[in-house]
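Trainee: Numbering-wise, the sequence shown is residues -23 to -1, 1 to 402 according to mature numbering (1 follows the signal peptide of the UniProt record, and there is no 0). By construction, the Cβ of each residue, glycine as well, lies at the ideal position given by its N, Cα and C atoms. These numbers come from a predicted model, not from an experiment. Okay, handing you the structure first.
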Amino acid sequence: MKKVMLKTSLGIAVAIASSQLFASGFALNEQSISSMGTGFAGRSSSAEDASTVYGNPAGMSRLKREQITVGGAAVIAKTDISGPGSSKGGETDGDMVPVVGVPMGYYVKPLDDHWSIGFGVYVPFGLVTDYGSDDAARYWGKKSHVEVVTFQPTVSYAFNDKVSIGFGPTINRIEGELGSNLASVSPLAPADGEVKIKGDDTAVGYNIGILVQATDRTRLGLTYHSMVDYKLEGKTKVNYPLLGLNDAKFDASLKIKTPESVDFSVTHELDDQWTVYAGSTWTRWSRLEAIVVNNEVPAGAAGQFATISEEQNWHDTWAHAIGASYKVNKEWTLRTGFTVDQSPTNNTNRSPRIPTGDRKIFSLGAGWSPSDDLTIDVAYSYLWEEDTKVNNQPDGPAQNALRGSYQAKYENSAHGVGASLTYRF
């Protein structure tokens, strides 16, 4: 067994949603459309519908009727790339993030005045960047996909009409792919080579929360989403004909931890029409320092060509949000919010896999309730990031031959739209 170091912003992947978009790193925010309308301010204190299973499981105690919430969000990203590009040549364009969708579904059933049960299916982490076969970034990160789908059975208990708690174990399925091209070092074989690493795993975590009705009009919420420890097992595939490696496959395993996070928020009803929200989320991205891929690679030349080394050194992040809603009448509620969100990347190790900087997000939303049994929520968000630079330099002559250097400036923005339906039985 040959141990190959893979220091990367992902190290894993097959993906549903873009990390460059609405949360830091490769975390996603789109688990609730009603919360999306307020920029996710008040996510752990609002408990508007069954999506509180994710936002704060203690919030199920506020839902007095059995209900189901289903929905999804779509993200349309735009990236402008400029700069020298790669020393190995290639195009520089901005089409590396396709349009993606994020589904969600929740169910809550009150059992009595104290106990409620629920279930959720959602996507807490996801990423996709896919550069073209002629793109200048392909030697440093041609393709990066990650998808985590979570199943969460949940229970909450209300001690009284002021304080409730909630808990849910999470069963998390992760699948991933990481790929890069290898430059040819001989005119006899001018085509690029390629390395792909794929794997998957299932692991368990948990979410826990507390909700406090501090006054008649003010609620406080605190939610903890645990770290989840994965060991992905799969294959490393190397195609480099110069060494006689024609789609050679090796067994591979990879350990990675998705980070824990803490969300604290406040919901305050100013009057019967206006409600304001505020919240902050801390995420422990500093866990992502180095990822080790264990490849069963034969000794010799094949080992160095199976190696992808991309140092990241991520740091912990904070996101802060404020929002408001206005109840126009019994049927209509309008929402808005503003979010500032730190990026975990740094200027030294930033990769074309996740070329992001700090971001700002403006959100609008609306809820329509044509009856007491049905609510339809819609939301729109616009995100813009600070301009970021990527400056990847080869580590030694061998890497220079295979990858060269890559320098570029990224200007990222995105539109997000979402809709959900809540039905109460």
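Spatial neighbours of THR200 within its chain, please: C-beta separation below 6 Å, excluding the five flanking residues on both sides.
Mentor: By 1-based counting over the sequence shown, the position of residue 200 is 223. Taken in chain order, the residues that qualify are SER21, ASN33, GLY186 and ASP240.
Trainee: On the three-state DSSP scale, how would you describe THR200?
Mentor: Counting from 1 along the sequence shown, the entry for residue 200 is found at position 223. Strand.
Trainee: Is there a Cβ of chain C sitting closer than 7 Å to that of ALA396, yes or no?
Mentor: The structure shown contains no chain C; it holds only a single protein chain.
Trainee: Please state the DSSP three-state secondary structure of ALA278.
Mentor: Indexing the sequence shown from 1 puts residue 278 at position 301. Confidence in ALA278 is poor, its pLDDT being 47 and thus under 50, which makes the residue's placement unreliable; the coordinate value appears in the next sentence. It is helical.
Trainee: Beta-carbon within less than 7 Å of GLY156's beta-carbon, same chain only, minus the 5 sequence neighbours each way: which residues are those?
Mentor: Position 179 of the sequence shown holds residue 156. Result list for GLY156: LYS119, LYS120, GLU171, VAL172 and LYS173, in chain order.
Trainee: Examine the Cβ distances between the stretch 49 to 65 and the stretch 197 to 211 and report whether three or more of them are shorter than 8 Å.
Mentor: Counting Cβ pairs under 8 Å, fewer than three are found: no touch.
Trainee: Is the Cβ-Cβ distance between GLY19 and ILE338 less than 7 Å?
Mentor: By one-based count along the sequence shown, residue 19 stands at place 42. By one-based count along the sequence shown, residue 338 stands at place 361. No, the Cβ-Cβ distance between GLY19 and ILE338 is not below 7 Å.
Trainee: So what does VAL355 bridge to, in DSSP terms?
Mentor: For the purposes of this step, residue 355 is taken as the residue at position 378 of the sequence shown. Looking at the DSSP assignment, VAL355 forms a beta bridge with ALA343 and ALA396.
Trainee: ALA296: which of GLY395, GLY334 and PRO75 sits nearest, CA to CA?
Mentor: Within the sequence shown, the letter at position 319 stands for residue 296. Checking every option, the nearest Cα to that of ALA296 belongs to GLY334.
Trainee: Grouping DSSP H, G and I as helix and E and B as strand, with all else coil, what is ARG336?
Mentor: Your numbering for residue 336 matches position 359 in the sequence shown. Strand, per DSSP.
Trainee: Could you tell me the distance, in whole angstroms, from the CA atom of THR316 to the CA atom of TYR254?
Mentor: Here the question's residue 316 lines up with position 339 in the sequence shown. Here the question's residue 254 lines up with position 277 in the sequence shown. Whole-angstrom Cα-Cα distance: 12 Å.
Trainee: Check whether the stretch 98 to 118 touches the stretch 63 to 83, counting contact only when three or more Cβ pairs, one atom from each stretch, lie closer than 8 Å.
Mentor: Result yes; three or more Cβ-Cβ pairs closer than 8 Å.
Trainee: In chain order, what residues of the same chain have a beta carbon less than 6 Å from the beta carbon of ARG312, not counting five sequence neighbours either side?
Mentor: The residue labelled residue 312 in the question sits at position 335 within the sequence shown. Closer than 6 Å at the Cβ level, and outside the excluded window around ARG312, lie GLY14, THR15, SER302 and GLY342.
Trainee: So, with DSSP's three-state summary, where would you put GLU388?
Mentor: Stepping through the sequence shown from its first residue, residue 388 is reached at position 411. Of the three classes helix, strand and coil, the one that applies to GLU388 here is strand, per DSSP.
Trainee: Once you ignore the five residues that flank ALA278 on each side, which residues in its own chain have a CB closer than 8 Å to its CB?
Mentor: As a working mapping, residue 278 is identified with position 301 in the sequence shown. A caution first: ALA278 carries a pLDDT of 47, below 50, which makes its placement in the model too unreliable to give a value.
Trainee: Going by the beta-carbon positions, is the gap between THR106 and GLN129 smaller than 7 Å?
Mentor: Here the question's residue 106 lines up with position 129 in the sequence shown. Here the question's residue 129 lines up with position 152 in the sequence shown. Taking 7 Å as the Cβ cut-off, THR106 and GLN129 do not qualify as a contacting pair.
Trainee: Give a yes or no on whether the C-beta atoms belonging to PRO300 and VAL52 are separated by under 7 Å.
Mentor: Here residue 300 refers to the residue found at position 323 of the sequence shown. Here residue 52 refers to the residue found at position 75 of the sequence shown. Residue 300 is actually Gly in this sequence, not Pro. Contact: no.
Trainee: What does DSSP give as the partner residue(s) for LYS304 in the beta ladder?
Mentor: Within the sequence shown, numbered from 1, the residue matching residue 304 stands at position 327. BP columns for LYS304 point to THR310.
Trainee: Do ALA50 and SER141 have their C-beta atoms within less than 7 Å of each other?
Mentor: Within the sequence shown, the letter at position 73 stands for residue 50. Within the sequence shown, the letter at position 164 stands for residue 141. Their beta carbons are not under 7 Å apart, which means ALA50 does not touch SER141 by this criterion.
Trainee: Could you give the residue range of the alpha helix (DSSP H) that holds ILE10?
Mentor: Position 33 of the sequence shown, counting from 1, holds the residue named residue 10. Residues 10 to 13.
Trainee: From THR244, PHE402, ARG401 and LEU379, pick the residue whose C-alpha is nearest to that of VAL162; which is it?
Mentor: One-based indexing of the sequence shown puts residue 162 at position 185. Checked all of THR244, PHE402, ARG401 and LEU379; the closest Cα to VAL162 is LEU379.
Trainee: Could you give the residue range of the alpha helix (DSSP H) that holds THR29?
Mentor: As a working note, residue 29 is residue 52 in the sequence shown. Element bounds for THR29: 29 to 32.
Trainee: Would you identify the three-state DSSP class for ASP240, choosing helix, strand or coil?
Mentor: Position 263 of the sequence shown, counted from the first residue, corresponds to residue 240. In this structure, ASP240 counts as strand in the three-state DSSP scheme.
Trainee: The alpha helix (DSSP H) with TRP251 in it runs from where to where?
Mentor: Along the sequence shown, one-based indexing puts residue 251 at 274. Per DSSP, TRP251 belongs to no alpha helix (DSSP H); it is in the beta strand (DSSP E), 251 to 260.
Trainee: Assign PHE402 to buried or exposed, taking buried as 16 or more other Cβ atoms, counted over all protein chains shown, within 10 Å of its Cβ.
Mentor: Residue 402 sits at position 425 when you count from the first residue of the sequence shown. With fewer than 16 Cβ atoms within 10 Å of its Cβ, PHE402 is classed as exposed.
Trainee: So, for THR195: in the same chain, excluding its five sequence neighbours on each side, which residues have a beta-carbon less than 6 Å away from its beta-carbon?
Mentor: Counting from one through the sequence shown, the residue named residue 195 turns up at place 218. Counting only Cβ-Cβ distances below 6 Å, and skipping sequence neighbours, we find HIS245.
Trainee: To the nearest angstrom, how far is it from the Cα of GLY198 to the Cα of SER23?
Mentor: Here residue 198 is taken as the residue at index 221 of the sequence shown, counted from 1. Here residue 23 is taken as the residue at index 46 of the sequence shown, counted from 1. About 8 Å.
Trainee: Determine the contact status of VAL355 and ALA396, defining contact as a CB-CB distance below 7 Å.
Mentor: Start at 1 with the first residue of the sequence shown, and residue 355 comes out as number 378. Start at 1 with the first residue of the sequence shown, and residue 396 comes out as number 419. Cβ atoms of VAL355 and ALA396: closer than 7 Å.
Trainee: Give me the Cα-Cα distance between ASN216 and SER382, rounded to the nearest whole angstrom.
Mentor: The residue you call residue 216 lines up with position 239 of the sequence shown. The residue you call residue 382 lines up with position 405 of the sequence shown. About 21 Å.
Trainee: Taking DSSP's pairing of strands, which residues face ARG150 in a bridge?
Mentor: The residue you call residue 150 lines up with position 173 of the sequence shown. DSSP, once it has assigned bridges, lists VAL126 and THR179 as partnering ARG150.
Trainee: Using CA coordinates, which residue listed in SER340, THR46, THR192 and THR258 is at the minimum distance from VAL98?
Mentor: Residue mapping note: residue 98 aligns to position 121 of the sequence shown, counting from 1. Checked all of SER340, THR46, THR192 and THR258; the closest Cα to VAL98 is THR46.
Trainee: Return the Cβ separation of TRP262 and TRP291 in integer angstroms, given the expectation that the two are a contact with Cβ distance under 8 Å.
Mentor: By one-based count along the sequence shown, residue 262 stands at place 285. By one-based count along the sequence shown, residue 291 stands at place 314. 4 Å between Cβ atoms; contact.
Trainee: In or out: ASP318 buried (at least 16 other Cβ within 10 Å) or exposed?
Mentor: Taking the sequence shown and counting its residues from 1, the one referred to as residue 318 is at position 341. That one is buried.
Trainee: Leaving aside the five residues before and after ALA150 along the sequence, list all residues of the same chain whose C-beta is less than 6 Å from its C-beta, in chain order.
Mentor: Working through the sequence shown from its first residue, we reach residue 150 at position 173. The sequence as given places Arg at residue 150; Ala does not occur at that position. VAL126 and THR179, listed in sequence order.
Trainee: Looking at the secondary structure, which residues open and close the alpha helix (DSSP H) in which TYR108 lies?
Mentor: Mapped onto the sequence shown, residue 108 falls at position 131. Looking at the DSSP string, TYR108 is not in any alpha helix (DSSP H), and its letter there is neither H nor E.
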